[in-house]
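Visitor: Going left to right, the sequence shown walks through residues 1 to 347 as the UniProt record's numbering numbers them. Using N, Cα and C, we set each Cβ at its ideal position, and we do this for glycine too.
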Amino acid sequence: MTRAELDAVPSYVVNPIPERKINLSTNEVPFGPLPGVAEAVAAATAKVHRYPEMAATGLRDALAARYRVAPERLVTGAGSAALIEHLVRATAAGGGEVVHPWRSFEAYPMLIAGGGGRSVPVPCTPDHRHDLDAILAAVTPATRMILLCHPNNPTGVGLTGAELAAFLDAVPPHLVVAVDEAYREFVTDPALPDALVEHGHRPNVVVLRTFSKAWGLAGIRLGFLVASAEVATAVRKVVTPFSTNALAQAAGLAALRAEPEMLRRVGLVVSERDRLAKALSAWIDGIPAAQANCLWLPVGERAVELARACEERGVLVRPFAGEGVRVTVGTGEENDAFLAAIAEVLA
Ligand code: PMP
C-alpha cells in the first residue's frame with residue numbers, strides 16, 4: 001500500500017522530554033523566547049480563524065532586507081527540515097540521488113526519502129570533516145542534489161573557506177548544492193565562511209537557515225532558504241500551501257526586531273560552549289572544536305551507557321550508539337549539572 005523503499009528508511013524519533021530533567025539533547029537555546037515574540041504571537045492569535053498570508057510577504061521582505069537578497073530568492077517554510085524535503089521534491093523526486101555527509105543531521109535520510117529522492121550517505125573523515133573528495137566521487141548521472149551541513153550536526157565541525165570554494169567550483173553546475181547553515185549564528189572561527197554571503201550568488205547554491213536555534217523559535221516551526229530565483233520558484237510550487245503559519249510569520253518578524261538580544265544570547269552560548277569543551281577535554285579525548293551550540297563526545301561504544309548514566313543524574317543528552325554523545329550547550333547552571341554528572345560517571 002505504501003512505498004516499498006520507505007521500509008528501509010529509519011524513523012526520526014525524539015522522545016518526550018520530562019519537565020523535571022535538564023534537557024541538553026535537542027540543540028535549542030535555553031533562554032525562552034526573545035523579547036516581543038510572545039506578545040506578537042499572542043496578538044496574531046486573534047486572526048487564526050483566517051488563513052495566513054500565503055507568501056508571508058511581510059516576513060519575506062524583512063528577511064530580504066536583513067540578509068540583502070532579492071525577495072523572490074527567498075522561500076519560508078515550517079522549519080528548515082520541511083524546506084529540505086521541499087527542495088528534494090523540487091530537484092530529485094522520482095528516485096534522484098541526494099549525496100550528503102554522514103554522520104550528520106539524523107533527519108536527512110528521511111527528508112530525502114520523503115521528498116522522493118534516494119539518500120547517498122558519504123562517511124565523514126576520522127577527524128569529523130566532510131569528505132568532499134568522496135562526496136564528489138559519489139556523484140553519478142542519477143545525482144540531483146548535494147546537501148552539506150555547515151557546521152555539521154552533531155559534531156559542530158564546519159568547512160573552511162578554501163574547501164567550500166574549491167568544492168563549489170568542482171561540482172557540475174547543473175547540480176544543486178544545498179548548504180544547511182542551521183547553526184551559522186554560533187560560528188566564531190573566521191576560517192568558516194558564511195555560505196550565504198560568500199556563495200549565495202551562485203545559481204546552483206541554496207542556503208538553508210532556521211529560526212529554531214539561535215533565534216529561539218523551535219516550537220513555532222520557521223525556516224527559510226535562499227536560492228536563485230529559478231530554483232526558489234520551483235520550490236514554491238511544491239511547498240505545502242500556507243505552511244508558514246500566521247503565528248510563525250508574526251514570531252519571525254518580532255524575532256528579527258530583537259536581533260541584538262539574540263546576538264547577546266549567542267555570545268553566552270559560545271562562551272559556555274568553550275568552557276564546557278575545556279572542562280570535558282580533561283576526561284574525553286578527541287572532542288572536535290565545535291562551532292554549533294553542541295559538543296560531540298567521541299566515546300564510541302560507551303555512548304549509550306554514558307547517556308543513560310547522565311539521565312539517571314537528571315541530564316538528558318543525545319547518544320548515537322557506537323559513535324558518540326552529542327551534548328547541547330545549556331545555561332551555566334545546566335552545564336554545571338552536566339559536568340557534575342560526567343565527573344561522577346567517568347571518575
Ligand atoms: N538542519 C540541521 C543541521 C539541524 O540540526 C536541524 C535541527 N536539529 C534542522 C536542520 C531542522 O531545523 P528546523 O526544522 O527546526 O528548522
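Mind checking which residues open and close the beta strand (DSSP E) that includes Thr210?
Guide: Note, Thr210: beta strand (DSSP E), Val205 to Thr210.
Visitor: With a threshold of 7 Å (Cβ to nearest heavy atom), would Ser11 be considered close to ligand 1?
Guide: False, no ligand heavy atom lies under 7 Å from that Cβ.
Visitor: From the DSSP secondary-structure annotation, give me the bridge partner or partners of Phe320.
Guide: Note: Phe320 sits in a beta bridge opposite Gly324.
Visitor: Any idea what DSSP makes of Pro121, helix, strand or coil?
Guide: Residue state, collapsed to three classes: strand.
Visitor: Candidates Phe167, Leu59, Gly216 and Pro172: which alpha carbon is nearest Ala195's?
Guide: It is Phe167 whose Cα lies nearest to the Cα of Ala195.
Visitor: Tell me which residues pass a beta-carbon proximity test against ligand 1: closer than 6 Å to any heavy atom, given in chain order.
Guide: That gives Asn27, Gly79, Ser80, Ala81, Phe105, Cys149, Asn153, Asp180, Ala182, Thr210, Ser212, Ala218 and Gly223.
Visitor: Rank Ala42, Ser119 and Cys149 by C-alpha distance to the C-alpha of Ala138 and give the top, closest one.
Guide: Taking only the C-alpha atoms, the option nearest Ala138 is Ser119.
Visitor: Could you name the residues that DSSP lists as bridge partners for Gly330?
Guide: For Gly330, which the question treats as bridged, DSSP gives no partner whatsoever.
Visitor: Can the beta-carbon of Arg103 be found less than 8 Å from the beta-carbon of Glu323?
Guide: Taking 8 Å as the Cβ cut-off, Arg103 and Glu323 qualify as a contacting pair.
Visitor: At what residue ranges does the segment 138-217 contain a whole run of the beta strand (DSSP E), taking only runs of 3 or more?
Guide: Fully enclosed beta strand (DSSP E) runs of 3 or longer: 143-149, 176-180 and 205-210.
Visitor: Any contact between the segment 96-114 and the segment 261-277? By contact I mean 3 or more CB pairs, one from each, below 8 Å.
Guide: In short, these stretches do not touch, since the Cβ pair count stays below three.
Visitor: With 16 other CB atoms within 10 Å as the buried threshold, where does Tyr183 fall?
Guide: Tyr183 comes out buried.
Visitor: Val9 to Ala303, Cα distance in whole Å?
Guide: Cα to Cα, Val9 sits roughly 23 Å from Ala303.
Visitor: Compute the Euclidean distance between the alpha carbons of Ala191 and Ala343, then round it to the nearest angstrom.
Guide: One C-alpha to the other measures close to 33 Å.
Visitor: At what residue ranges does the segment 58-119 contain a whole run of the beta strand (DSSP E), taking only runs of 3 or more?
Guide: Fully enclosed beta strand (DSSP E) runs of 3 or longer: 74-77 and 97-102.
Visitor: DSSP beta-bridge partners for Gly223?
Guide: According to DSSP, Gly223 bridges with Gly77 and Thr210.
Visitor: Between the C-alpha atoms of Leu339 and Val329, what's the straight-line distance to the nearest angstrom?
Guide: Cα to Cα, the separation comes out at about 11 Å.
Visitor: Evaluate contact between the segment 273-291 and the segment 200-210, counting only Cβ atoms and requiring at least three cross-stretch pairs below 8 Å.
Guide: Contact between the segment 273-291 and the segment 200-210 is absent, because fewer than three Cβ pairs lie under 8 Å.
Visitor: Since Pro71 contacts Arg60 with CB under 8 Å, what's their CB separation in whole angstroms?
Guide: About 5 Å separates the two Cβ atoms, so the contact holds.
Visitor: If you run the structure through DSSP and keep just helix, strand and coil, what is Ile22?
Guide: Residue state, collapsed to three classes: strand.
Visitor: Report the rounded CA-to-CA distance for Arg209 versus Ser243, giving the unit in angstroms.
Guide: If you take the alpha carbons of Arg209 and Ser243, they lie about 16 Å apart.
Visitor: How many angstroms separate the CA atom of Thr143 from the CA atom of Leu316?
Guide: Answer to the nearest angstrom: the Cα atoms are 38 Å apart.
Visitor: Take Gly158 and list the residues in its own chain whose beta-carbon comes closer than 6 Å to its own, dropping the five residues that flank it on each side.
Guide: Taken in chain order, the residues that qualify are His150, Pro151, Leu192 and Gln291.
Visitor: Helix, strand or coil: how does DSSP classify Pro269 here?
Guide: For the record, residue 269 in the displayed sequence is Val; it is not Pro. In the structure shown, Val269 sits in a helix (DSSP, three-state: H, G or I).
Visitor: If I measure Cβ to Cβ from Val238 and keep anything under 7 Å in the same chain, skipping five residues before and after, which residues do I get?
Guide: Excluding residues within five positions, the ones whose Cβ falls inside 7 Å are His86, Arg89 and Ala90.
Visitor: Measure the Cβ-Cβ separation of Ala347 and Gly314 and say whether it is below 8 Å.
Guide: No, they are not a contact pair.
Visitor: So, under 8 Å CB-CB, Leu63 and Ala258 are touching, yes? Tell me the CB distance rounded to an integer number of Å.
Guide: Not really, about 15 Å apart at Cβ, beyond 8 Å.
Visitor: For Leu34, report the span of its beta strand (DSSP E) as first-last.
Guide: From DSSP, Leu34 is part of no beta strand (DSSP E); its letter is neither H nor E.
Visitor: Does Val345 come out as helix, strand or coil in the three-state DSSP assignment?
Guide: Helix, per DSSP.
Visitor: In whole angstroms, what is the alpha-carbon distance linking Cys189 and His49?
Guide: Per the sequence presented here, residue 189 reads as Asp, with Cys not at that position. Roughly 46 Å separates the two Cα atoms.
Visitor: Are there 16 or more other CB atoms within 10 angstroms of the CB of Thr57, so buried, or fewer, so exposed?
Guide: So Thr57 ends up on the exposed side.
Visitor: For Val231, name the three-state secondary structure that DSSP assigns.
Guide: If DSSP states are grouped into helix, strand and coil, Val231 belongs with the helices.
Visitor: What do you reckon, are the CB atoms on Ile146 and Val177 nearer than 8 Å?
Guide: Yes, they are a contact pair.
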